[in-house]
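First comes the structure, then the notes that go with it.
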Amino acid sequence: MFKKTLLSLAVASTLGLTGCLDDAQSGANANPDYKINDTTIDQSIVRPIFNPFITSPEFTVPANFDLILLLGAGQSPNFDFTGFTSGSDPASKTIADMAGFSTSGQIDLRFDGTLNPDTVLLNQSVFLLPLNMLPVSANTPDVELTGNPAYINSADPFDLAKFAVQNVRVEVVSLDGGSNNTIRITPLEPLEDQTKYLVLVTDTVTGADGQPTSQSIAYEQMSGDGPLGSGSLQSIRDLLQASVQLGQGWLAANSISNNITLAYTLTTSNTKTVMSAMTSPATYLTQLGQEVVLYSALQVVKDNMPAGTTASTVFAALADALSAAPQNTELAQKVGAAVGPYIADPSLVQTIVGSALQAGDIPFPQPRATAVYDATIKNASDMAAIAGSGNAPLIAAGDAVKVSEGAIELPYYLELPGSDGSGLVDGMWRGSTSAETTMNATIDALRGANPTLSNFAFPRDNDGTFNVTQYMPFPEENAKVAVPFTVFYPDPVATGGACIDGAAGITDVVVFQHGITADRSVATIPAINLTAQTLAGGKCVVTIAMDQPLHGLGDGTVGKISGLTPGGSYIDAADFPNADFVGERHFNYTAIPGTLTPQQESDITNVSSGSLSINLASLTTSRDNLRQAIIDLMNLSATVASGALDIDGTGTDYSATSLQGAKFHFVGHSLGGISGTPFTALAEDATLRAAYGAIGMAAFYPDFSSISLVNSGSQLAKLGENSPGFSPVILGGLAAAGVTQGSSALETFLYVWQSAMDSGDPVSYAKWLGNSIATEGATSLLVSEVVGDLTVPNEANVAPLGQALSAPLAGTEPLMALINLGAGVDPLTSGDLITASNPVPVAPVANASSFFFGGNPCSDANHTTFIAPATPANPNDSVCPNGSNTSQAFAEMIAEVIGNVTAQAIPVANAAVLGDSQTVGSALDQDK
Numbered sequence: 027m028f029k030k031t032l033l034s035l036a037v038a039s040t041l042g043l044t045g046c047l048d049d050a051q052s053g054a055n056a057n058p059d060y061k062i063n064d065t066t067i068d069q070s071i072v073r074p075i076f077n078p079f080i081t082s083p084e085f086t087v088p089a090n091f092d093l094i095l096l097l098g099a100g101q102s103p104n105f106d107f108t109g110f111t112s113g114s115d116p117a118s119k120t121i122a123d124m125a126g127f128s129t130s131g132q133i134d135l136r137f138d139g140t141l142n143p144d145t146v147l148l149n150q151s152v153f154l155l156p157l158n159m160l161p162v163s164a165n166t167p168d169v170e171l172t173g174n175p176a177y178i179n180s181a182d183p184f185d186l187a188k189f190a191v192q193n194v195r196v197e198v199v200s201l202d203g204g205s206n207n208t209i210r211i212t213p214l215e216p217l218e219d220q221t222k223y224l225v226l227v228t229d230t231v232t233g234a235d236g237q238p239t240s241q242s243i244a245y246e247q248m249s250g251d252g253p254l255g256s257g258s259l260q261s262i263r264d265l266l267q268a269s270v271q272l273g274q275g276w277l278a279a280n281s282i283s284n285n286i287t288l289a290y291t292l293t294t295s296n297t298k299t300v301m302s303a304m305t306s307p308a309t310y311l312t313q314l315g316q317e318v319v320l321y322s323a324l325q326v327v328k329d330n331m332p333a334g335t336t337a338s339t340v341f342a343a344l345a346d347a348l349s350a351a352p353q354n355t356e357l358a359q360k361v362g363a364a365v366g367p368y369i370a371d372p373s374l375v376q377t378i379v380g381s382a383l384q385a386g387d388i389p390f391p392q393p394r395a396t397a398v399y400d401a402t403i404k405n406a407s408d409m410a411a412i413a414g415s416g417n418a419p420l421i422a423a424g425d426a427v428k429v430s431e432g433a434i435e436l437p438y439y440l441e442l443p444g445s446d447g448s449g450l451v452d453g454m455w456r457g458s459t460s461a462e463t464t465m466n467a468t469i470d471a472l473r474g475a476n477p478t479l480s481n482f483a484f485p486r487d488n489d490g491t492f493n494v495t496q497y498m499p500f501p502e503e504n505a506k507v508a509v510p511f512t513v514f515y516p517d518p519v520a521t522g523g524a525c526i527d528g529a530a531g532i533t534d535v536v537v538f539q540h541g542i543t544a545d546r547s548v549a550t551i552p553a554i555n556l557t558a559q560t561l562a563g564g565k566c567v568v569t570i571a572m573d574q575p576l577h578g579l580g581d582g583t584v585g586k587i588s589g590l591t592p593g594g595s596y597i598d599a600a601d602f603p604n605a606d607f608v609g610e611r612h613f614n615y616t617a618i619p620g621t622l623t624p625q626q627e628s629d630i631t632n633v634s635s636g637s638l639s640i641n642l643a644s645l646t647t648s649r650d651n652l653r654q655a656i657i658d659l660m661n662l663s664a665t666v667a668s669g670a671l672d673i674d675g676t677g678t679d680y681s682a683t684s685l686q687g688a689k690f691h692f693v694g695h696s697l698g699g700i701s702g703t704p705f706t707a708l709a710e711d712a713t714l715r716a717a718y719g720a721i722g723m724a725a726f727y728p729d730f731s732s733i734s735l736v737n738s739g740s741q742l743a744k745l746g747e748n749s750p751g752f753s754p755v756i757l758g759g760l761a762a763a764g765v766t767q768g769s770s771a772l773e774t775f776l777y778v779w780q781s782a783m784d785s786g787d788p789v790s791y792a793k794w795l796g797n798s799i800a801t802e803g804a805t806s807l808l809v810s811e812v813v814g815d816l817t818v819p820n821e822a823n824v825a826p827l828g829q830a831l832s833a834p835l836a837g838t839e840p841l842m843a844l845i846n847l848g849a850g851v852d853p854l855t856s857g858d859l860i861t862a863s864n865p866v867p868v869a870p871v872a873n874a875s876s877f878f879f880g881g882n883p884c885s886d887a888n889h890t891t892f893i894a895p896a897t898p899a900n901p902n903d904s905v906c907p908n909g910s911n912t913s914q915a916f917a918e919m920i921a922e923v924i925g926n927v928t929a930q931a932i933p934v935a936n937a938a939v940l941g942d943s944q945t946v947g948s949a950l951d952q953d954k
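Those letters in the sequence shown? Residues 27 to 954, per my numbering, in order.
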């Protein structure tokens with residue numbers, strides 16, 4: 027909920043509004059607070075906590091109410107369809123950069139008393155109704171301003187197709203010390219992208235005493251016909267009256283005679299447009315062209331109105347100018363003159379958009395500059411951690427594996443550290459001003475033959491921020507960074523030259539991504555085994571590992587698995603003359619313990635990998651670190667698949683083209699699987715790949731033969747709350763600001779956090795990935811979990827952690843279930859599950875879920891078994907202070923991944939280490 031309080035981290039924001047949807051000049055600041063004093067009100071009736079009077083100190087509305095997205099239109103000439111608050115807390119700042127709310131977060135409707143849970147029934151007393159929207163104009167059919175209720179299709183308001191397939195549940199929870207005082211609408215699958223929904227509650231919902239619920243007094247007054255006391259509130263009345271009318275229409279159409287207790291609209295964000303456009307820009311170019319036309323018309327309107335005119339007035343004038351019978355005919359003629367050339371000659375807009383693509387201002391995955399340094403080459407068995415392990419089989423396997431180190435130059439859309447590191451903790455993606463400038467320059471050049479063409483500007487939000495949303499998915503490149511990678515490949519000598527160019531050659535390439543606070547070195551043990559164990563079968567496997575953003579070698583061992591070289595020590599800056607930074611991806615900054623304050627270190631052993639990556643102070647930075655990781659994987663894989671990486675740096679035994687003809691695979695552990703799920707979903711989508719034909723080229727990134735996601739999960743906000751490893755840090759930081767479990771403030775914070783993360787979260791991509799692999803039928807998939815994982819929870823539906831409330835989309839098993847739903851497997855338990863009670867191998871092409879017994883994390887299996895099967899005694903290890911040895915489970919894990927890589931099948935070598943999940947049947951409530 028949003029209400030007027032002052033909590034530095036709370037989601038309840040001090041809005042300090044200067045009006046609503048109308049002009050700030052209307053005198054709204056001078057309007058008195060509207061108060062209701064009616065002694066005849068029946069205080070025994072339970073009502074929603076909903077006060078939409080923005081001039082009142084008691085202003086309180088749900089955080090996802092469309093009003094929050096619309097308020098900005100009345101504040102300044104800038105408005106980009108994102109939310110508006112004036113709060114400085116993290117959630118408020120996040121809302122100001124979002125054009126919609128979460129598709130997976132839980133929708134809470136608070137009441138001022140106790141409800142009877144038996145009366146809270148889905149599609150009987152509580153409804154979530156998707157609405158049909160109209161485009162802005164017939165000439166811009168792909169531009170849908172979903173947040174604006176003016177574009178609801180009044181002739182056919184309800185999207186019955188979306189309604190028929192949506193999967194949600196309703197329940198009653200207790201918050202803020204009350205009992206059964208909140209209706210919660212919980213998605214069991216993500217809601218539809220960029221969709222407006224009507225939230226509707228009828229008075230069939232009763233209080234605990236059996237009395238029907240009723241509208242809040244403030245809601246009833248605002249949505250009624252009585253005096254408001256301020257003309258600036260009329261827009262809010264219009265918004266609520268429209269919701270009530272829609273609700274009444276739905277109830278009447280379904281022969282439901284109950285009264286409305288609550289009705290309001292919310293709009294979801296488009297979770298996939300940004301990353302889809304970044305992967306395959308041709309899929310967005312048509313809409314981009316339509317936006318050029320629309321915003322050119324908008325610019326004409328702005329140019330013909332007084333300076334400072336608010337966006338709401340400008341958009342209203344544009345709507346009038348584009349209508350069939352405009353009131354301002356002179357302005358309509360000017361707008362018509364600006365857009366007329368585009369209607370007469372559609373190739374004009376193609377030329378304009380094409381100029382940005384040709385100039386490189388619209389990014390897409392492509393081969394990037396690389397260098398591999400032969401001076402770094404060593405046998406894996408010579409790495410300090412391997413040589414000192416005392417593990418004779420591992421050392422012997424390492425004798426057959428070479429390790430080389432190199433760097434790749436990547437476009438960086440986040441911010442560099444700056445002088446104090448602040449860019450790492452508060453930077454975010456911004457829209458491409460380069461593309462905007464290039465397209466306007468092209469308009470200038472075309473104006474000689476088309477003198478009425480107007481320049482344009484993409485909308486900004488109220489503080490001038492150029493947000494990356496579904497309305498502008500292409501970010502500005504802020505820098506180029508040359509970041510390290512490590513390659514593990516067959517030793518030409520030890521293998522008798524079997525895998526070199528001219529012989530069998532490299533057969534398989536594995537792109538490996540590590541987890542949070544780890545680094546690329548943790549690929550070492552899996553990579554050694556992937557190469558050494560497959561040689562006898564005629565396979566020549568290469569593994570390439572690169573760090574996630576804000577991660578890299580560090581700590582006392584200079585890497586979790588010691589023996590690699592820090593990037594700053596071996597990368598020759600002369601090989602990357604365009605790079606703005608060369609070195610480890612943490613930029614030699616680390617968090618001061620107990621804070622998120624970045625501190626630069628001259629000694630890399632004082633830097634902790636990923637210490638700045640859990641960032642609750644800037645939720646959009648967390649989001650964009652994840653999006654950066656996804657596009658980095660795209661660029662790395664495009665580079666490797668295009669023959670732009672010589673793995674030994676010599677061009678002798680292996681060359682830059684050695685990897686081109688290989689099969690490609692992805693292996694992601696923990697956070698590596700979290701970023702890897704969207705990455706592989708995008709890479710495997712046939713539509714995105716085929717769209718490259720429209721711009722006369724083919725996609726550079728590979729089609730993957732297999733995907734292995736180890737100990738990963740979905741819905742990151744609730745995953746964090748339910749992680750035994752990370753929840754103390756997350757909840758402790760919030761509790762220090764007064765935001766605690768059991769409060770609506772925490773639940774709203776988590777909702778806003780998830781709203782930010784959705785565009786890079788596996789929860790938004792899992793069904794898509796499942797559908798792609800099932801449709802194609804040529805990519806195998808393995809998703810693994812350790813039963814009882816102490817970092818990524820198995821699930822949080824029937825067994826949430828501690829005081830956390832049920833969150834059915836959070837964890838590994840929901841990820842499994844969503845992938846399987848996309849693949850047409852429903853329920854999850856009807857799919858191929860490898861468990862202790864069902865230790866059955868899965869034939870190709872596999873889509874398997876594997877479960878490992880984690881009863882004793884020190885001897886059975888744990889979250890890090892796949893990357894560190896044995897750990898030494900460490901008094902700082904709260905779980906296994908005396909060390910761990912989970913090697914038997916590792917042997918099974920790596921055998922399953924090897925089977926997936928080499929045969930698209932999942933073997934079972936040691937059933938004794940497998941486990942049975944007691945909760946998998948309840949994934950997404952599939953048992954109900």
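From the three backbone atoms N, C-alpha and C, an ideal C-beta is built for every residue, glycine too. Just so you know, these numbers come straight off a predicted model, no measurement behind them.
Per DSSP, cross-strand counterpart(s) of residue i
{"i": "Glu431", "result": "Tyr399 and Thr512"}
{"i": "Leu148", "result": "Val152"}
{"i": "Pro437", "result": "Lys506"}
{"i": "Ala571", "result": "Thr512 and Phe538"}
DSSP-derived helix/strand/coil call for residue i
{"i": "Pro143", "result": "helix"}
{"i": "Leu807", "result": "strand"}
{"i": "Arg546", "result": "helix"}
{"i": "Tyr777", "result": "helix"}
{"i": "Thr683", "result": "coil"}
{"i": "Ala688", "result": "coil"}
{"i": "Glu170", "result": "coil"}
{"i": "Gly53", "result": "Unreliable positioning characterises Gly53 in this predicted model, as indicated by a pLDDT of 30, which lies under 50. A coordinate reading is not provided."}
{"i": "Gly252", "result": "coil"}
{"i": "Asp408", "result": "helix"}
{"i": "Asp858", "result": "strand"}
{"i": "Met498", "result": "strand"}
Buried versus exposed, by CB contacts within 10 Å (16 or more), residue i
{"i": "Ile262", "result": "buried"}
{"i": "Glu802", "result": "exposed"}
{"i": "Asn604", "result": "exposed"}
{"i": "Gly444", "result": "exposed"}
{"i": "Asp387", "result": "buried"}
{"i": "Gln241", "result": "buried"}
{"i": "Thr81", "result": "buried"}
{"i": "Ala762", "result": "exposed"}
Residues near residue i by beta carbon distance below 6 Å, same chain, minus five either side
{"i": "Leu266", "result": "Met248 and Ser249"}
Same chain, Cβ closer than 7 Å to residue i, neighbours up to 5 away in sequence not counted
{"i": "Gln944", "result": "none"}
{"i": "Ala56", "result": "The predicted position of Ala56 is uncertain, since its pLDDT is 29 and thus under 50; no value can be drawn from it."}
Other residues of its chain near residue i: CB distance less than 8 Å, five sequence neighbours each side excluded
{"i": "Glu773", "result": "Gln132, Asp134, Leu201 and Leu831"}
Touch test, the region 404-416 against the region 351-367, Cβ-Cβ under 8 Å, three pairs minimum: no
Per the contact definition of three or more C-beta pairs closer than 8 Å, is the region 228-244 in contact with the region 157-165? no
Cβ contact check for the region 873-882 and the region 812-819: 3 or more pairs under 8 Å: yes
Within 8 Å, do at least three Cβ pairs link the region 529-540 to the region 558-568? yes
Under 8 Å, with one C-beta from each stretch per pair, do the region 717-731 and the region 302-317 reach the 3-pair mark? yes
Three-pair Cβ contact test at 8 Å for the region 429-443 versus the region 493-510: yes
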